[in-house]
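Written out below as structure tokens is the structure these notes cover.
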Amino acid sequence: MTTKAIRIHAHGGPEVLRWEDVPTPEPGRGEALVRHEAVGLNYIDVYFRTGLYKVPHLPATIGMEGAGVVVAVGEGVTEVAAGDRVAYAGGPVGAYATERVIAADRLVKLPAGIDFQTGAAMMLQGMTAQYLLRRTYRVQAGETILVHAAAGGVGLILCQWARHLGATVIGVVSTEAKADIARAHGAHHVIVGHEHLAAEVKRLTDGAMVPVVYDSVGKDTFGPSLDSLAPLGLMVSYGNASGPVPPVDVGILAAKGSLFLTRPTLATYTAKRSDLVAVANDLFGVVEAGAVKIRVNQTFPLAEAAAAHEALEARRTTGSTVLLP
Ligand code: NDP
1 MTTKAIRIHA
11 HGGPEVLRWE
21 DVPTPEPGRG
31 EALVRHEAVG
41 LNYIDVYFRT
51 GLYKVPHLPA
61 TIGMEGAGVV
71 VAVGEGVTEV
81 AAGDRVAYAG
91 GPVGAYATER
101 VIAADRLVKL
111 PAGIDFQTGA
121 AMMLQGMTAQ
131 YLLRRTYRVQ
141 AGETILVHAA
151 AGGVGLILCQ
161 WARHLGATVI
171 GVVSTEAKAD
181 IARAHGAHHV
191 IVGHEHLAAE
201 VKRLTDGAMV
211 PVVYDSVGKD
221 TFGPSLDSLA
231 PLGLMVSYGN
241 ASGPVPPVDV
251 GILAAKGSLF
261 LTRPTLATYT
271 AKRSDLVAVA
281 NDLFGVVEAG
291 AVKIRVNQTF
301 PLAEAAAAHE
311 ALEARRTTGS
321 TVLLP
């Protein structure tokens, strides 16, 4: 029996993504076989494709997120059963496939009101927004926060959720069209481009600056983000869309006002199953209540994942993107 998967045999551009037949895996102890109805596209998939992040071995099926139906479970599985509608996000890679096996304790059951495309779009980006806003820095009503790539997948969720919490959101985007999208999803103010970021933040906050910056852009925005923080502010550097941040002289944190710096990752915040379930349930809650709308603004056949990667890297996507097996 075979299944179809997008695999890479070498790191490189979108052209290394190949649509291939692979043997259908069998679930071992503690594992479940999931038939994907939808697969999530995330910027981390680009990092694994280029080699910025390491896959365990080549060839490799990349992809970190999916939603579908449990086909079979291995021995000792208690979390899910055959026939369950499920979703997941996080490692190990392997989601760009019509079927995959995954540790059953990484799966969560999808609520009846959430369809597969929404499930595949929201798990990685939405659970990331959850931990960023509720744990990395616990955003309070009345605070003003700064969100980079505000019209992107994580960005649109951050804007809506932060507004729902009562925060004032300043978004940063690269075009006026994206500014409109960010504004329509909760951003109170939007800055186009980061050339004068700190000056704009100063103007918008009457000189107070912000207590937290959520920066997923990395290399290009690290300095302007630090300059936008209030004394004792927290720099949350959680992604590298423009390239990784070069080594930092920690003295800069003192010079700019006793700042804090963190480089968090979803894996840490959902390592324990109890944390995974709590984060997912919090996300399902805001989505089912309508406070956060998951925008699947692009879909591609899974077989055309290369075109999806091209669009994502060329900054042509907004909101979330789903690959359809
Ligand atoms: P997005 O939909 O946000 O796409 C990336 C966006 O980054 C682009 O649309 C673009 O928005 C902006 N960007 C800025 N500079 C560049 C550049 N040089 N090249 C390409 N894009 C650029 O992707 P995701 O929502 O999937 O992910 C957002 C970020 O969050 C990524 O960096 C990802 O790695 C990170 N992430 C981190 C997690 C963690 O736990 N640490 C978990 C999930 C995501 P614009 O045109 O408006 O500038």
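Note that UniProt numbering gives residue 54 to position 54 of the sequence shown, counting from 1, and the numbers run on in steps of one.
From the three backbone atoms N, C-alpha and C, an ideal C-beta is built for every residue, glycine too.
Check                                                                                                                                                  : Outcome
Is the beta carbon of GLY233 less than 8 Å from the beta carbon of GLY218?                                                                             : no
Taking only the alpha-carbon atoms, compute the straight-line gap between GLN160 and ALA187 and give it to the nearest angstrom.                       : 7 Å
With a floor of 4 residues, list each alpha helix (DSSP H) that falls wholly inside the segment 109-184, ordered by position along the chain.          : 116-131, 153-164, 176-184
Could you check the C-alpha separation between LEU204 and LEU312 for me, to the nearest Å?                                                             : 30 Å
Distance check for PHE116 and LEU323, CA to CA, integer angstroms please.                                                                              : 11 Å
In the DSSP assignment, find the beta strand (DSSP E) that holds GLY233 and state where it starts and stops.                                           : 229-237
Are the CB atoms of LEU259 and LEU283 within a distance shorter than 8 Å?                                                                              : no
If you follow the beta strand (DSSP E) that GLY68 is part of, which residue opens it and which one closes it?                                          : 65-73
Could you tell me whether any non-hydrogen atom of ligand 1 is closer than 7 Å to the CB of PRO14?                                                     : no
Classify ILE114: buried if its beta carbon has 16 or more other beta carbons within 10 angstroms, exposed otherwise.                                   : buried
Is LEU283 near ligand 1, with its Cβ less than 7 Å from a heavy atom?                                                                                  : no
Roughly how many angstroms lie between the CA atoms of GLY319 and MET235, to the nearest whole one?                                                    : 23 Å
What does the alpha-carbon distance come out to for the pair HIS196 and PHE300?                                                                        : 36 Å
Using 10 angstroms around the beta-carbon of ALA38, count the other beta-carbons present and answer buried if the total reaches 16, otherwise exposed. : buried
Along the alpha helix (DSSP H) that carries ALA280, what are the first and last residues, could you check?                                             : 273-288
Look at the alpha carbon of LYS4 and the alpha carbon of THR24, and state the distance between them as a whole number of angstroms.                    : 9 Å
Tell me whether ILE191 sits in a helix, a strand or coil according to DSSP, three-state version.                                                       : strand
Quick one: measure Cβ to Cβ for PRO59 and ILE8, integer angstroms, because I've assumed they're closer than 8 Å.                                       : 6 Å
Quick one: is VAL147 buried, meaning 16 or more other Cβ sit within 10 Å of its Cβ, or exposed?                                                        : buried
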